[in-house]
């Protein structure tokens with residue numbers, strides 16, 4: 001006979017038969033049973049599940065400056081590059097170990113000993129406006145950069161490279177010469193042709209899509225907020241649902257823009273932002289994680305010899321190198337553009353700090369402080385534009401006679417006649433003490449002294465130093481000014497916002513000396529920064545350096561992918577460059593990035609420039625959920 005669970009009426013009757021004490025005991029045991037069962041259930045759940053990232057949350061990044069070109073063809077500031085990194089995709093990308101791996105490309109092939117590269121796009125790629133992304137977009141982007149009318153800062157990287165569409169998904173690059181670092185070029189973000197194809201070179205920089213980008217990256221632009229002065233206050237990105245790779249967990253990123261680092265740090269301490277870049281390690285509290293990263297960049301004072309007579313003197317540039325105490329500025333000092341900590345090259349020639357040697361070089365070059373005012377000056381005696389060299393006499397004619405007549409204020413005929421002879425006699429009576437009427441040695445010497453003597457020129461050891469008005473850069477400029485003052489140099493510091501510095505000074509090369517930084521790539525290629533073809537904008541040769549031997553070595557370095565041959569060429573190049581002293585290499589600071597500990601999954605190992613801190617952002621998360629193991 002089967003047993004049945006008691007009916008409701010039976011339970012009621014049962015409870016009526018219990019005494020008050022028995023009821024209390026029953027309910028106590030019942031509650032204990034429920035608690036034990038719940039505990040066992042929860043224990044089982046937590047033992048067999050784990051916390052995993054969940055979709056959602058907002059990450060707020062604070063940056064200094066204003067966006068201007070959210071456009072991979074023009075992006076040349078840290079702010080613009082940050083946004084391009086998140087909104088656009090390239091054929092290739094860096095992974096978290098700085099290996100270069102396919103992104104929009106499914107795969108690629110290298111043929112003809114490194115002269116031909118073929119890329120095959122992934123299928124069904126879409127722009128953020130749902131338009132198909134094809135080989136046409138890749139070809140359009142590269143040809144826009146190559147066109148000198150568009151003045152892209154990336155133009156130098158694409159010289160001598162032919163790009164063609166094979167079909168909708170295949171692109172072929174043909175190089176005139178092998179270029180070992182070419183694959184790194186292909187990290188470039190691709191522009192949508194259907195958006196940009198009607199923009200002329202004259203209007204390209206002013207197109208609204210520079211601030212309303214359509215990309216193919218993990219995030220897309222949602223909203224821009226401006227203040228009353230039309231400055232951008234904030235910019236909001238949301239997850240791109242059409243992204244071709246792993247979609248990020250964080251659903252929204254907001255960028256807040258600040259005028260300087262002081263305001264940026266205040267915002268961090270007030271918990272208004274969750275991520276920021278710093279010029280040096282700053283303690284923001286226990287709830288922040290600082291990442292100090294080795295970056296392939298250096299800061300230097302670049303000498304513009306075309307704008308400064310005193311900096312044309314090699315001895316002056318050499319003395320300034322010896323007179324720079326780099327360790328007073330930073331412990332991460334450098335002596336070459338080929339960074340030893342990253343690429344492993346040590347220059348054979350180094351200018352160790354030696355103030356006495358610096359002073360001695362200046363003394364021997366003729367720069368002296370004769371009046372004791374602390375400023376060295378050099379007296380330059382100029383050669384006259386014309387000199388009498390012939391024994392002129394009655395009957396002579398030609399240019400020297402003409403100059404003689406001008407000097408003696410006579411009638412200018414070019415013929416030595418009686419009137420000219422009389423003027424010569426009068427000159428001799430006044431200055432020589434003997435009258436011959438002809439131009440002998442003594443008369444010529446005196447005429448040359450009186451008629452053509454050039455006044456001495458005073459060349460002061462004085463020049464201006466231009467830099468960005470960020471606290472660390474201004475402090476470094478002031479240190480350099482004091483160090484060089486000890487040599488007898490007078491330096492006038494000029495500071496500007498990054499935007500003004502780039503537009504009004506760097507682009508037109510409108511400076512005598514410039515304290516600035518240059519960021520290299522994962523594969524060492526100094527060509528854009530030191531080849532003579534890059535002296536003018538959009539090139540990045542900030543010292544306007546020109547040396548045919550250096551040019552040849554830079555070109556040969558680009559031709560090979562053999563690491564040993566590249567190393568050989570780069571070592572030779574750096575020795576040539578350092579010998580010419582076009583600048584003072586100073587330091588290579590670590591890049592410091594602070595992130596709130598609310599943000600999980602951040603594993604920044606290596607970067608090539610500050611914007612690459614967002615490599616792996618698809619793994620960052622704020623929210624979590626539990627999942628069965």
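Residue numbers (my numbering): 1 to 629. C-beta: ideal position from N, C-alpha, C; glycine also. Only a predicted model underlies this, so the values are computations on that prediction, with no experimental measurement involved.
Residue 583 (DSSP reduced to helix, strand or coil): Against the chain shown, residue 583 aligns to sequence position 583. DSSP places residue 583 in strand when its eight states are reduced to three.
Counted within 10 angstroms of its Cβ, other Cβ atoms place residue 626 as buried (16 or more) or exposed: Translated into the one-based positions of the chain shown, residue 626 becomes position 626. That one is exposed.
Whole beta strand (DSSP E) elements within the region 105-167, 3-residue minimum: 105-111, 116-121 and 161-167
Closest by C-alpha distance to residue 446, when choosing among 397, 93, 368 and 407: The residue you call residue 446 lines up with position 446 of the chain shown. The shortest C-alpha separation from residue 446 is found at 407.
Counted within 10 angstroms of its Cβ, other Cβ atoms place residue 274 as buried (16 or more) or exposed: For this step, residue 274 is matched to residue 274 along the chain shown. The residue in question, residue 274, is buried, as its Cβ has 16 or more Cβ neighbours within 10 Å.
Nearest-angstrom Cβ-Cβ length linking residue 256 and residue 62, presumed shorter than 8 Å: Here the question's residue 256 lines up with position 256 in the chain shown. Here the question's residue 62 lines up with position 62 in the chain shown. Indeed, because the Cβ distance is near 5 Å, the residues count as touching under 8 Å.
Alpha helix (DSSP H) runs contained entirely in the region 445-486, provided each spans 4 or more residues: 471-485
Exposure label - residue 380; buried when at least 16 CB within 10 Å: For the purposes of this step, residue 380 is taken as the residue at position 380 of the chain shown. By the 10 Å Cβ count, residue 380 comes out exposed.
Residue 1 to residue 29 span [Cα, whole Å]: Mapped onto the chain shown, residue 1 falls at position 1. Mapped onto the chain shown, residue 29 falls at position 29. Residue confidence is low: residue 1 scores 49 on pLDDT, short of 50, so the model does not pin down where it sits. Its coordinate-derived value is still stated next. Between residue 1 and residue 29, the C-alpha separation is close to 30 Å.
Beta-carbon proximity of residue 64 to residue 258, cut-off 7 Å: Taking the chain shown and counting its residues from 1, the one referred to as residue 64 is at position 64. Taking the chain shown and counting its residues from 1, the one referred to as residue 258 is at position 258. Yes, Cβ-Cβ distance for residue 64 and residue 258 is below 7 Å.
Segment limits, alpha helix (DSSP H) that includes residue 630: The structure shown has nothing for residue 630, since the chain only spans 1 to 629.
Best match in 295, 153 and 430 for proximity to residue 610 [C-alpha to C-alpha]: Counting from one through the chain shown, the residue named residue 610 turns up at place 610. That would be 295, whose Cα lies nearest to the Cα of residue 610.
CA nearest to the CA of residue 612, picked from 99, 21 and 474: Working through the chain shown from its first residue, we reach residue 612 at position 612. The candidate whose alpha carbon is nearest that of residue 612 is 99.
Alpha helix (DSSP H) runs contained entirely in the region 35-89, provided each spans 4 or more residues: 78-87
Residue 122 vs residue 106 beta-carbon contact at 7 Å: Within the chain shown, residue 122 is the residue found at index 122, counting from 1. Within the chain shown, residue 106 is the residue found at index 106, counting from 1. Taking 7 Å as the Cβ cut-off, residue 122 and residue 106 qualify as a contacting pair.
Residue burial classification, residue 77 (beta-carbon count within 10 angstroms, cutoff 16): For the purposes of this step, residue 77 is taken as residue 77 along the chain shown, with counting starting at 1. Counting Cβ neighbours within 10 Å, residue 77 comes out buried, since at least 16 surround it.
Collapsed DSSP secondary structure at residue 412 in the structure displayed: By one-based count along the chain shown, residue 412 stands at place 412. Residue state, collapsed to three classes: coil.
Selected residue, minimal CA-CA separation from residue 169, among 135, 154, 376 and 521: Along the chain shown, one-based indexing puts residue 169 at 169. When only C-alpha atoms are compared, the closest one is 135.
Simplified DSSP assignment, three categories, for residue 686: A query on residue 686 cannot be resolved here, the shown segment of the chain reaching from 1 to 629 and no further.
Simplified DSSP state of residue 197, which is helix, strand or coil: What you label residue 197 is simply residue 197 of the chain shown in a count that begins at 1. Coil.
Residue 513, buried or exposed, once every other Cβ within 10 Å from all chains shown has been counted against 16: In the chain shown, residue 513 corresponds to position 513, counting from 1. Result: buried.
Distance between residue 496 and residue 171 (C-alpha atoms, nearest Å): The sequence position of residue 171 within the chain shown is 171, counting from 1. The sequence position of residue 496 within the chain shown is 496, counting from 1. Going by the C-alpha atoms only, they are around 43 Å apart.
Extent of the continuous beta strand (DSSP E) to which residue 223 belongs: Numbered from 1 along the chain shown, position 223 holds the residue referred to as residue 223. Counting along the chain, the beta strand (DSSP E) containing residue 223 begins and ends at 219-226.
Sequence-distant residues of its chain with Cβ nearer than 7 Å to residue 434 (five each side left out): Residue numbering aside, residue 434 sits at position 434 when the chain shown is read from its first letter. For residue 434, where only same-chain residues beyond five positions count, the Cβ hits under 7 Å are 428.
Residue 404 - containing alpha helix (DSSP H), residue span: Your numbering for residue 404 matches position 404 in the chain shown. From DSSP, the alpha helix (DSSP H) with residue 404 extends over 399-407.
Residues near residue 289 by beta carbon distance below 6 Å, same chain, minus five either side: By one-based count along the chain shown, residue 289 stands at place 289. Here the set comprises 595 and 597.
Check whether residue 398 and residue 355 have beta carbons under 7 Å apart: Along the chain shown, read from residue 1 onward, the residue named residue 398 stands at position 398. Along the chain shown, read from residue 1 onward, the residue named residue 355 stands at position 355. Result no, Cβ atoms of residue 398 and residue 355 do not sit closer than 7 Å.
Under the three-state DSSP convention, the category residue 290 falls into: For the purposes of this step, residue 290 is taken as the residue at position 290 of the chain shown. Three-state DSSP puts residue 290 in a strand.
Runs of alpha helix (DSSP H) lying entirely within the region 521-601, each at least 4 residues, in chain order: 527-530, 548-559 and 563-580
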